[in-house]
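Numbers in the numbering used here are just positions in the sequence shown, counted from 1, shifted up by 39. Where is the CB? At the ideal position from N, CA and C, for every residue including glycine. Note that this is a predicted model, so its numbers are computed, not measured. Have a look at the structure below before the remarks.
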Amino acid sequence: MEKIFNLSAGIAMLTLLTGCMSFNNSEVPLVENKPPKFKPIVEMKLGKFIQTVNGKKGLKVGSNRSMGYNTLTNILVHWKRKGLIKDYGTVGAFKEKADYILELSGKRDEDMSFFGSFICGFTFFIIPSSTTMKYDLHLRLINQKTKVVYKQDVSDSFTMWMNIIFLPVLPFSTVGIYNMFTDLSMYSYSEFEKQGAFNYSSKKLIENSK
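Here it is, written out as structure tokens:
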């Protein structure tokens with residue numbers, strides 16, 4: 040039992056000593072959105088979402104469903120933080136009827152080198168290795184009152200570098216991931232807005248609900 044504990048502790052310490060840093064690849068334009076006067080409630084719905092490694096199915100981190108919901112939640116979290124929506128939740132989570140449903144489908148592909156990852160780990164992260172996470176998403180925004188459906192495709196990615204030199208900045212290792220989801224979320228909102236979504240006053244919303 041003591042040997043198992045020591046082995047587990049050793050693995051945990053090795054993980055903590057891993058230096059990594061994420062970098063946003065900035066594949067979408069930077070957009071600043073002004074908070075609307077009326078902030079809608081948005082329900083989230085997941086369509087078909089898959090994970091691939093080097094374009095192939097089979098190898099993945101976690102379930103497709105959990106990763107899909109995590110991606111969708113990240114988008115809505117940024118919308119709420121920026122004051123673009125009132126709240127978000129799963130379908131049926133609110134007592135009142137939501138104004139919109141945001142449905143996400145698509146895939147996340149992990150572009151990486153197994154040999155490079157092995158060498159990086161074998162040399163205790165002295166020789167660097169990188170992995171690029173590419174998101175190809177299809178978004179559908181459904182107006183619950185007018186039944187109008189807005190659609191768009193959006194792609195973005197971040198690259199995670201593994202190297203011992205990043206050990207001192209480990210607490211900031213996810214900054215690139217955060218920035219990627221910020222850019223993707225703000226861009227997707229602006230594209231929906233261009234199509235006519237969110238462009239109504241609270242008075243019009245009340246009239247449509249009658």
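{"query": "With a 10 Å radius around its C-beta and 16 neighbouring C-beta atoms as the bar for buried, classify residue 102 as buried or exposed.", "result": "exposed"}
{"query": "Report the residue from 238, 86, 77 whose alpha carbon sits nearest the alpha carbon of residue 129.", "result": "86"}
{"query": "Provide the residue span of the alpha helix (DSSP H) that contains residue 111, from first to last.", "result": "103-120"}
{"query": "Taking the alpha carbon of residue 107 as the reference point, which residue from 59, 121, 90 has its own alpha carbon closest?", "result": "90"}
{"query": "Specify the secondary structure class of residue 187 as computed by DSSP and reduced to three states.", "result": "coil"}
{"query": "In this structure, how does DSSP classify residue 196 when only helix, strand and coil are distinguished?", "result": "strand"}
{"query": "How long is the line joining the alpha carbons of residue 152 and residue 200, rounded to whole angstroms?", "result": "12 Å"}
{"query": "By how many angstroms is the C-alpha of residue 205 removed from the C-alpha of residue 114?", "result": "27 Å"}
{"query": "Going by alpha carbons, who is nearest to residue 234 out of 175, 202, 191?", "result": "191"}
{"query": "Relative to the C-alpha of residue 174, which residue among 71, 220, 238 is closest?", "result": "220"}
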